[in-house]
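Please read the structure below before turning to the comments.
There are 2 protein chains.
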Amino acid sequence: MASLAEENYLKAIYKLHEKKGAMVNTSALAETLQINAASVTDFIKKMAAKKLISYEKSRGVMLTERGRHIALNIIRKHRLWEVWLVNNLGFKWDEVHEIAEQLEHVVSDELIESLDKHLGYPKADPHGDLIPDAKGRFAKTSSKPLLDCEKGNRVKFTGVAEHSNSFLQYLTKSNIKLGDELLVEAIEEFDKSFQVKINGKERKLLSKDVVKNLLVVLL
Amino acid sequence: MASLAEENYLKAIYKLHEKKGAMVNTSALAETLQINAASVTDFIKKMAAKKLISYEKSRGVMLTERGRHIALNIIRKHRLWEVWLVNNLGFKWDEVHEIAEQLEHVVSDELIESLDKHLGYPKADPHGDLIPDAKGRFAKTSSKPLLDCEKGNRVKFTGVAEHSNSFLQYLTKSNIKLGDELLVEAIEEFDKSFQVKINGKERKLLSKDVVKNLLVVLL
DNA sequence: ATACATAATTAGGCTTACCTAATTATAATT
DNA sequence: AATTATAATTAGGTAAGCCTAATTATGTAT
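Which chain is which? The protein sequence lines are A and B, in order.
Per my numbering, the very first residue in the first sequence carries number 1; after that it's consecutive.
Per my numbering, the very first residue in the second sequence carries number 1001; after that it's consecutive.
Take a look at the structure:
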């Protein structure tokens, strides 16, 4: 139904909406899709005509129910493929994004449901991002940035809020993995750096830029 | 490098050449790709300009070394994905073609090599078609149509020469699977139908249309 | 050798998804 | 309120891949 370009626009709109809330404007879309703003204006008018999004001229766009449904399906596929690449093919969590960007556009409901089953119906991808079910519903979670925790909290590291290769590779290098238990031993008021103990063993100092991108749940 | 359309043209040219030998003509390509002959003429001129094929006006086309290499890579990917779909995801051999037609265009050498390894470096796909290696080389095989065998021959069923769903489903229904041992008990001169014993148990009558599409190796 | 059928090509057009340059809205600043 | 900066839109254009209709090659049969 939706073309490759439409799928990419829908996904970008979904993610920008998720991050910034409210309407998504032309320049933000142009930036994330690496497409000229004039082309974006053009394209969103056509998408609005197809009822994939609602468009208020010079104001921005929002997903319709239909658009949201398609976006969530792409995200579902992307994350399932990432799980497969990491768990079954041995890729690292910083190596799977580009490949999943291609695989997410393969069209076959039977394939995706078989893959989901094959993987054991995972709830999250290798970065801890939740995987919506076939109807677009997410499991509930109470994760929050480590930055919002207090001294003495014991938490589990469940996801990242930043997906850049440099951040993922920093964590790998620092031997901090999804599922690790973190104990907040001290918080430096001045720069919001955190001293944490990892899995009751190693002690590490994490900068504010790091702790704001570590998502955790209280234990 | 090669676009989706180019990849499909290259694959079609490879397969038509394999089947008919010599040059591939415009109308055959148009027929298999389900594209108008005028469009094909247009497109092959552009592909020739890119040295993917050599083109003799009004005569037909042939793959260049580069074009052949790309075609074999697509075929390699297609067949590896088919193995995965059948062996790991539980699809039937008549259900995988359309999905593999999409997956074959995903671009990532690391992915394909990892997949190959994950699958245990299979030599053939679920229909018995040989899988070329990364350099485009096939394992040698001495398979031939069952039709060319003689009374008394004991053979192993290793592949099909016809990939239509109706033929694949006929075999499934008849409980004839890749790897089965067939004993030629009798050949009816009049209509070339074969009486065979399967795995030393069940006895079956197979029409000429069936035996010419069963590929076997002598035991 | 000529006529006919079939195959291939040329010419002109269309849609999708992009572009640049010019213009118009909107928001921010004085 | 007027100016300025930024964002968005409009207008006109391009390349890739397709189309139909008309024309030209090629091969076959008389």
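Just so you know, even glycine gets a beta-carbon here, dropped at the ideal spot from N, CA and C.
Partner residues on chain B for residue i, Cβ-Cβ distance less than 7 Å
| i | result |
| --- | --- |
| S3 of chain A | Correct list: empty, because the minimum Cβ distance to chain B is about 13 Å. |
| L111 of chain A | I1099 |
| Q102 of chain A | V1106 and V1107 |
Residue i classed as buried or exposed, judged by whether at least 16 other C-beta atoms fall within 10 angstroms
| i | result |
| --- | --- |
| R1076 of chain B | buried |
| M1047 of chain B | buried |
| R1079 of chain B | buried |
| Y1009 of chain B | buried |
| K1011 of chain B | buried |
| S207 of chain A | exposed |
| G67 of chain A | buried |
| F190 of chain A | exposed |
| A2 of chain A | buried |
| L218 of chain A | exposed |
| H163 of chain A | exposed |
| S143 of chain A | buried |
| Y1055 of chain B | buried |
| L1004 of chain B | exposed |
| A1049 of chain B | exposed |
| T172 of chain A | exposed |
| E1186 of chain B | Per the sequence shown, the amino acid found at residue 1186 of chain B is Ala instead of Glu. It counts as exposed. |
| A71 of chain A | buried |
Candidates the options: closest to residue i by CA position
| i | options | result |
| --- | --- | --- |
| L205 of chain A | A:L219, A:L182 and A:L215 | A:L182 |
| D1094 of chain B | B:G1067, B:V1107, B:V1155 and B:G1128 | B:G1128 |
| D222 of chain A | A:S142, A:I74, A:A186 and A:R68 | Beyond the ends of chain A as shown, which are 1 and 219, falls residue 222 of chain A; an answer cannot be given. |
| S1039 of chain B | B:K1144, B:E1065, B:E1006 and B:W1084 | B:E1006 |
| G159 of chain A | A:A30, A:L119 and A:L214 | A:L214 |
| F1091 of chain B | B:I1187, B:D1125 and B:L1063 | B:D1125 |
| Q169 of chain A | A:I44, A:A186, A:G179 and A:V210 | A:V210 |
| N243 of chain A | A:E98, A:L111, A:R137 and A:R203 | Residue numbering for chain A in the displayed model covers 1 to 219; residue 243 of chain A lies beyond these limits and cannot be assessed. |
| N88 of chain A | A:E101, A:I187, A:I70 and A:D116 | A:D116 |
| K1140 of chain B | B:K1123, B:N1153, B:D1148 and B:L1146 | B:K1123 |
| D133 of chain A | A:D148, A:S114 and A:K151 | A:S114 |
| V1196 of chain B | B:H1069, B:K1057, B:K1173 and B:K1156 | B:K1156 |
| N199 of chain A | A:R154, A:E188 and A:K192 | A:R154 |
| M1023 of chain B | B:D1042, B:K1051, B:S1058 and B:R1203 | B:S1058 |
| A1161 of chain B | B:I1112, B:K1212 and B:R1203 | B:K1212 |
| A1100 of chain B | A:E101, A:V96, A:L111 and A:L119 | A:L111 |
Residues that residue i contacts on chain A, provided the C-beta gap is smaller than 7 Å
| i | result |
| --- | --- |
| N1088 of chain B | H118 |
Proximal chain A residues relative to residue i, where beta-carbon distance stays under 9 Å
| i | result |
| --- | --- |
| L1169 of chain B | In the sequence on display, residue 1169 of chain B carries Gln and not Leu. What Q1169 of chain B touches in chain A: nothing, since even the nearest Cβ is about 17 Å away. |
Where the stretch 114 to 139 of chain A meets chain B: residues whose CB sits under 7 Å from a CB there: S114, L115 and H118
Cβ contact (3+ pairs, closer than 8 Å) linking the stretch 1020 to 1039 of chain B and the stretch 1103 to 1118 of chain B: no
Any 3 or more C-beta pairs closer than 8 Å across the stretch 115 to 133 of chain A and the stretch 82 to 102 of chain A: yes
Stretch pair the stretch 1015 to 1030 of chain B + the stretch 1046 to 1064 of chain B: three plus CB contacts closer than 8 Å: yes
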